[in-house]
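Colleague: This is the structure, below, for whatever I ask next.
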Amino acid sequence: MGSIYLIRHGQASFGADDYDVLSPTGVRQAEVLGDHLAGLGLRFDRCVSGDLRRQRHTAESVLGRLNEAGIETPSLEIDSAFNEFEADAVIRAHLPDLLEIEPQALHIMRNAADHRAEFQRLFSTVIARWVSGDHAKDGLISWAEFLDTVHAGLQRLLQEASGKDSIGVFTSGGTITALLQLVTGIPPLNAFELNWQIVNTSLNRLKFRGSEVALASFNSHVHLELLKAPELITYR
Numbered sequence: 459m460g461s462i463y464l465i466r467h468g469q470a471s472f473g474a475d476d477y478d479v480l481s482p483t484g485v486r487q488a489e490v491l492g493d494h495l496a497g498l499g500l501r502f503d504r505c506v507s508g509d510l511r512r513q514r515h516t517a518e519s520v521l522g523r524l525n526e527a528g529i530e531t532p533s534l535e536i537d538s539a540f541n542e543f544e545a546d547a548v549i550r551a552h553l554p555d556l557l558e559i560e561p562q563a564l565h566i567m568r569n570a571a572d573h574r575a576e577f578q579r580l581f582s583t584v585i586a587r588w589v590s591g592d593h594a595k596d597g598l599i600s601w602a603e604f605l606d607t608v609h610a611g612l613q614r615l616l617q618e619a620s621g622k623d624s625i626g627v628f629t630s631g632g633t634i635t636a637l638l639q640l641v642t643g644i645p646p647l648n649a650f651e652l653n654w655q656i657v658n659t660s661l662n663r664l665k666f667r668g669s670e671v672a673l674a675s676f677n678s679h680v681h682l683e684l685l686k687a688p689e690l691i692t693y694r
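First residue of the sequence shown: 459, per my numbering; consecutive thereafter.
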């Protein structure tokens, strides 16, 4: 059987003007993962990333550490099917409805870094509305459409893979959530309950034979736990 390793990007710049940049913690997380994979002797036959900077930077940092350890790595390929969904667009589209029941929602969203717990509560509410499919907004991609894009990316990987390939995919939490739903068949809200637990640079492994895919492991972050540095275990 072959393996697809779904790797969530390192910590991004939550609350900053540009979220799509790895924080210093995010860079360190990626380097630690690269060292851990080198210690395991894991060799990728193929590496794919979404085209977001935080995804590509994570991939480059991990692969760089593997190369430094003398492990040959393939060239990084880019496939936008593994991009994250546009969370800002989802929030903006649903914010008017949210303000009717949460008058402070705009202030919390604008100052998310100072109101992390409240932001997460409101974001969970928005996501529940979005994935339900019952609150369609003009010009906003639906969860079902996002799911179709991710599914197409997975199918391309499987069609181009040989039976024993080891494939690294550097992606994001929402994309991993979509793949969990596709592979396991769990409802989207249940998948998002898992999403909130996905640690930055965690490893999630799919095993495949032909077009058959199964979840082998979820949210492994032992590479961070072994350092006994709680500040490296982040979720956003």
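Note that the Cβ used here is the ideal one computed from N, Cα and C, for glycine as well.
For a test of the three-state rule: what should DSSP assign to A527, helix, strand or coil?
Modeller: Looking up residue 527 in the sequence shown gives position 69. If DSSP states are grouped into helix, strand and coil, A527 belongs with coil.
Colleague: Could you check where the beta strand (DSSP E) with T629 kicks off and where it finishes?
Modeller: Taking the sequence shown and counting its residues from 1, one reaches residue 629 at position 171. From DSSP, the beta strand (DSSP E) with T629 extends over 624-629.
Colleague: Distance check for F540 and V608, CA to CA, integer angstroms please.
Modeller: Here residue 608 refers to the residue found at position 150 when the sequence shown is read from its first residue. Here residue 540 refers to the residue found at position 82 when the sequence shown is read from its first residue. Approximately 6 angstroms, taken between the alpha carbons.
Colleague: Can you give the Cα-Cα distance for R663 and F676, rounded to whole angstroms?
Modeller: The residue you call residue 663 lines up with position 205 of the sequence shown. The residue you call residue 676 lines up with position 218 of the sequence shown. So the alpha carbons of these two residues sit roughly 7 angstroms apart.
Colleague: The beta strand (DSSP E) with L500 in it runs from where to where?
Modeller: As a position in the sequence shown, residue 500 is number 42, starting the count at 1. No beta strand (DSSP E) contains L500, which DSSP labels as neither H nor E.
Colleague: In angstroms, rounded to a whole number, what distance separates the CA positions of E489 and W601?
Modeller: Translated into the one-based positions of the sequence shown, residue 489 becomes position 31. Translated into the one-based positions of the sequence shown, residue 601 becomes position 143. If I take the Cα positions, the gap works out to 32 angstroms.
Colleague: May I ask you to list the residues that DSSP assigns as paired with R504?
Modeller: One-based indexing of the sequence shown puts residue 504 at position 46. Paired residue(s): I625.
Colleague: Between the Cα of E670 and those of Q617, T516, R550, A575, spot the shortest distance and give me the residue it belongs to.
Modeller: Position 212 of the sequence shown, counting from 1, holds the residue named residue 670. Of Q617, T516, R550, A575, the residue nearest in Cα terms is Q617.
Colleague: Going by DSSP in three states, G460 sits in which element: helix, strand or coil?
Modeller: Position 2 of the sequence shown, counting from 1, holds the residue named residue 460. Correct three-state label for G460: strand.
Colleague: Please determine if the region 622-631 and the region 461-472 are in contact, where contact requires at least 3 C-beta pairs separated by less than 8 angstroms.
Modeller: The region 622-631 is in contact with the region 461-472.
Colleague: Let me check one thing: in DSSP terms, what residues is V671 bridge-paired to?
Modeller: Your numbering for residue 671 matches position 213 in the sequence shown. Partner(s): F666.
Colleague: For N653, name the three-state secondary structure that DSSP assigns.
Modeller: In the sequence shown, residue 653 corresponds to position 195, counting from 1. Looking at N653 - three-state DSSP - the assignment turns out to be helix.
Colleague: Would L491 pass as a contact of S630 if the rule is Cβ separation under 9 angstroms?
Modeller: Mapped onto the sequence shown, residue 491 falls at position 33. Mapped onto the sequence shown, residue 630 falls at position 172. Not closer than 9 angstroms, so no.
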